[in-house]
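Taken in order, the sequence shown gives residues 989 to 1256; the numbers are from the numbering used here.
All residues carry an ideal CB built from backbone N, CA and C; glycine is no exception.
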Amino acid sequence: MVGLTQFQGRVAVLTGGASGIGLELLLGLARRGTHVAVCDVDARRLDAAVRRARSVEPDVRVTAHVHDVADEAAVGRLRAEVAEQHDTDAVHLLVNNAGIVGGTSFVTGPREEWDRTFAVCWSGTYHCTRAFLPMLLAADQGVVVNTSSVNGLWASLGPRSPHTAYASAKFAVRGFTEALRVDFQAHAPHLSAVLVLPGHVRTRMPSPPRTWRRALGQLFADYQPVTAPAAAETILEAVGRGDWRVVIGDDAAAVDARVRADPWTAYD
C-alpha cells in the first residue's frame, strides 16, 4: 500500500476530534499543513480544539462541525458543510475516530446503552465512510483511517468482565477496514484503508479494570500507557508510510500475540 505522499494542502475529515487521540490528530494534521474539517458532539471542547489547531498553523483552514455520527442524516449535513466550507468536491483523508464506552453486558445491561455504544462506534464509521466515499473517489489519492481497539482483537476485559457492545463494534470496524482494503485494491486502487488498534491510551476514556491485568498476568508487569500525542503521531506516520495495520501500545501488541498464539483459551 502506498502511503499518503503529501499532507500539505490536502483536505481531511476527522471525527471525535475534540479530545484525546482525536485532538492530537487534529494538531498533528495542522502541523503538517492539512486542512481539517473536525467533527464532535461536544461543542465547547470542539471550539477549544479548533482554536488550538489554528494557532499551530494559521494558514491551515480548520472548520468545526457539531454532529452525531450515529445519525446518518447528520453525517449527510456534515458532508455538505465540508464541501461548502472547504470549497471542494474531494477529500484526501477520512479519520473515523469517534467512539464511546458502554454496554458491557448484553444479558443484564440496558438495551439503550448497548445500542448507543454500538451506534457511535460502528454505525458512525459506516455512515461517514459511506457519505464521504464519493469525495474520496474524486481525490487523486485518499486514505480511510478507522480506529478500532485492542477490544477488536480480544472481546473481553478479563474473566467474567463482558464488554459486548464496545467489543462487537470494534470487531466490526476491524473487519470492515480489512475488507475495505481488499475492495479498494479491486475497485479504487488510489484509495487505501488503515486499521488502528490502540491499547490503553491516556485520554478521557476510562482505564481498563484490574481484571484486564489479572487476565493477562505478566504481560503487563511493567506496562506504561501510551500518551495521546504519541499515539496520534504513530498513526500519522503510519499513514505516510503506507502501513495498513497500526497496533499502538505494548498492551495491544501483547494481546494481539496472545490471542493469535492460543485463541482457544483467550477467554478462560
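Worksheet item: Taking only runs of the alpha helix (DSSP H) that begin and end inside the stretch 1093-1176, which ones reach a length of at least 4 residues, in chain order?
Response: 1099-1106, 1112-1125 and 1152-1175
Worksheet item: Grouping DSSP H, G and I as helix and E and B as strand, with all else coil, what is Val1079?
Response: coil
Worksheet item: The alpha helix (DSSP H) spanning Arg1233 covers which residue range?
Response: Looking at the DSSP string, Arg1233 is not in any alpha helix (DSSP H); the run it does join, the beta strand (DSSP E), is Arg1233 to Ile1236.
Worksheet item: Which residue comes first and which comes last in the beta strand (DSSP E) that contains Ser1007?
Response: Looking at the DSSP string, Ser1007 is not in any beta strand (DSSP E), and its letter there is neither H nor E.
Worksheet entry | Sequence ranges, beta strand (DSSP E) only - wholly within the stretch 1004-1051, length at least 3 | 1023-1028
Worksheet item: By DSSP, does Leu992 sit in helix, in strand, or in coil?
Response: Shown here, Leu992 sits in coil according to DSSP, grouped into three states, outside any helix or strand.
Worksheet item: Just to confirm, are Val1163 and Ile1236 a CB contact at a threshold of 9 Å?
Response: Reading off the sequence, residue 1163 comes out as Gly, not Val. No, Cβ-Cβ distance for Gly1163 and Ile1236 is not below 9 Å.
Worksheet item: With DSSP run on the structure shown, which of helix, strand or coil describes Val1089?
Response: Residue state for Val1089 is assigned as coil, using DSSP reduced to three classes.
Worksheet entry | Close-in-space but distant-in-sequence residues of the same chain around Ala1062 (CB under 6 Å, 5 per side omitted) | His1055 and Asp1056
Worksheet item: Roughly how many whole angstroms lie between the Cα atoms of Ala957 and Leu1011?
Response: An answer regarding residue 957 cannot be provided, because it is not within the stretch 989 to 1256 covered by the chain.
Discussion item. What residue range does the alpha helix (DSSP H) around Val1070 cover?
Written reply: Glu1060 to Gln1073
Practice prompt. Measure the beta-carbon distance from Val1024 to Leu1014 and round it to whole angstroms, keeping in mind my assumption that it falls under 8 Å.
Written response: 6 Å
Worksheet item: What residue does the alpha helix (DSSP H) around Ala1226 start on, and which one ends it?
Response: Segment Ala1216 to Arg1229, the alpha helix (DSSP H) holding Ala1226.
Worksheet item: Between His1115, Cys1116, Thr1117 and Ile1088, which lies nearest to Asp1103 when the distance is taken from Cα to Cα?
Response: Ile1088
Practice prompt. Go ahead and label Thr1253 buried or exposed: buried means 16 or more other beta carbons lie within 10 angstroms of its beta carbon, across all protein chains shown.
Written response: exposed
Discussion item. What residue range does the beta strand (DSSP E) around Ala1181 cover?
Written reply: Leu1179 to Pro1186
Practice prompt. Examine the Cβ distances between the stretch 1082-1098 and the stretch 1106-1113 and report whether three or more of them are shorter than 8 Å.
Written response: yes
Discussion item. Taking the beta carbon of Tyr1114 as the centre, do at least 16 other beta carbons fall within 10 Å, making it buried, or is it exposed?
Written reply: buried
Fill in: Neighbourhood of Arg1246 by C-beta distance below 6 Å, restricted to the same chain and skipping five residues each side
none
Worksheet item: Is it buried or exposed for Ser1136, if we count other Cβ within 10 angstroms and need 16 for buried?
Response: Per the 10 Å Cβ criterion, buried.
Worksheet item: In chain order, what residues of the same chain lie with their CB nearer than 6 Å to the CB of Val1257, ignoring the 5 residues before and after it?
Response: Outside the displayed range of the chain (989 to 1256) lies residue 1257, so it cannot be described from this structure.
Practice prompt. Compare the beta carbon distance of Val1038 and Thr1003 with 9 Å and say whether it is the shorter of the two.
Written response: no
Worksheet item: Helix or strand or just coil, what does DSSP make of Val1057?
Response: The answer is coil: DSSP assigns Val1057 none of H, G, I, E or B.
Worksheet item: If we count the other Cβ atoms within 10 Å of its Cβ and call it buried at 16 or more, is Gly1112 buried or exposed?
Response: Gly1112 should be labelled buried.
Item to complete: Round the Cβ separation of Ala1155 and Val1079 to the nearest angstrom and send it over; I've been treating them as touching at under 8 Å.
Response: Wrong, their Cβ atoms sit about 29 Å apart, outside the cutoff.
Discussion item. I'd like the list of long-range same chain contacts for Phe1313, defined as Cβ closer than 7 Å, with 5 residues on each side in sequence excluded.
Written reply: It is not possible to answer for residue 1313, since the shown part of the chain is limited to 989 through 1256.
Fill in: Paired residues, beta bridge with Val999 - DSSP
Answer is His1023, bridged to Val999.
Worksheet item: How many angstroms separate the CA atom of Leu1145 from the CA atom of Ala1219?
Response: 21 Å
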